[in-house]
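Worksheet for the structure shown next.
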Amino acid sequence: MRISRLTPWAAGLGAAALFAVPAAASAGPQRSTATENPAAAAADPYADYYASAQGKTGPALKTALHDIIKTQSKVTYEGVWNALKVTDQDPANPNNVILVYSGRSQSKATNGGGVNDWNREHVWAKSHGDFGTATGPGTDLHHLRPEDVTVNSTRGNKDFDKGGSPVGEAPGSLTDADSFEPRDAVKGDVARMLLYMAVRYDGGDGFANLELNDRVNNGSAPLFGRISLLKQWNQMDPPDAFEQRRNQVIFDQFQHNRNPFIDHPEWVNSIW
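Counting in the numbering used here, the sequence shown runs from 2 upward without gaps.
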């Protein structure tokens, strides 16, 4: 059963059927926990969706979440362009998207490869696990965000860490030879995107088993760091309205799966 809870900011957005590859199954088995218990539904509106994960910790929680979120519709790489125009729409200007590292509001129509255009940033760099732009991890909207072409190139496939020199066109972001530090307002967003990828892709569907470690310079290995810092960022920058809206739009209109760490940031420390 696909659980749809369109909020007012999502109700008027266009359907995603033009851009998605249908899932082989529905978004999950029927669960009635929250619907039969109004108090539970008010405390956790996604209790039904996460029912099989409740009460678990550590590896058992990670496995339960993987089993929940692996059921999804998939978006083509070409379809990502149009999807990002919906998922990352500027709440103050429906003609624009918000660039993830830059924080800039920019016209949706300026997507492409030219200087000052925006393009499709893989927050989990596609070379870490060598999945490229394959439908699956290479097109998963939960870690793809709009970003300025130059800033995207500067970030490259670097792991995330603290420090470095200021990044032009991305105020508050820093970079050095082997790492990138995003601006404070999206540090938690970045952490939760990487955490999602490490749970969603476990090697069981033909792609690499993505994991987190506490290193930089991970190169083409299916690893990303640094987990100790990502955990800190998850706590210092909790999910805001933009991130929560984005999660809901992906669920309702595109992939029909959720990033569990946006709904339950406390699960990060339960697993790692």
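Using N, Cα and C, we set each Cβ at its ideal position, and we do this for glycine too.
Within the model, the alpha-carbon separation for M198 versus D162 is close to 18 Å. When the beta-carbon positions are compared, T176 and T151 stay at least 8 Å from each other.
For H67, there is no enclosing beta strand (DSSP E); the residue is found in the alpha helix (DSSP H) stretching over 59–70. Closest by C-alpha distance to K127, out of G164, W119, K109, N210, is N210.
Comparing alpha carbon positions, the residue from A44, K63, G59, G56 closest to P261 is K63. The C-alpha of V200 lies about 29 Å from the C-alpha of G173.
Annotation for A110: no beta strand (DSSP E) segment contains it, and DSSP assigns it neither H nor E.
A residue is called buried when at least 16 other Cβ atoms come within 10 angstroms of its Cβ; V191 meets this threshold and is buried. Within its own chain, the residues whose Cβ lies closer than 6 Å to the Cβ of D238, once the five positions on either side in sequence are excluded, are K188, G189, listed in chain order. Partner residues in a beta bridge of H144, as assigned by DSSP, do not exist.
Only residues of its own chain outside the window of five on either side were considered, and among them A171, P172, G173, R184, A186, V187 have a CB closer than 8 Å to the CB of G104, listed in chain order.
A distance below 8 Å separates the beta carbons of K86 and K109. The region 137–146 makes contact with the region 76–84, as at least three CB pairs between them are under 8 Å. A direct Cα-to-Cα measurement between D264 and N258 gives close to 12 Å. A direct Cα-Cα distance of roughly 9 Å separates V98 from W119.
In the DSSP assignment, N97 is bridged to S108. Collapsing the DSSP output to three states places N260 in coil.
In the DSSP annotation of this structure, the continuous segment of the beta strand (DSSP E) that includes A171 starts and ends at 171–176. The beta carbons of D160 and F225 sit closer together than 8 Å. Annotation for T136: V22, K75, V76, T77, Y78 place their beta carbon closer than 8 Å to its own, counting only its chain and skipping 5 residues before and after. Taking F252 as the centre and dropping the five residues before and after it, the same chain places the C-beta of N258, R259 closer than 7 Å to its C-beta, in chain order.
Taking the CA atoms as reference points, Q236 sits about 8 Å from P266.
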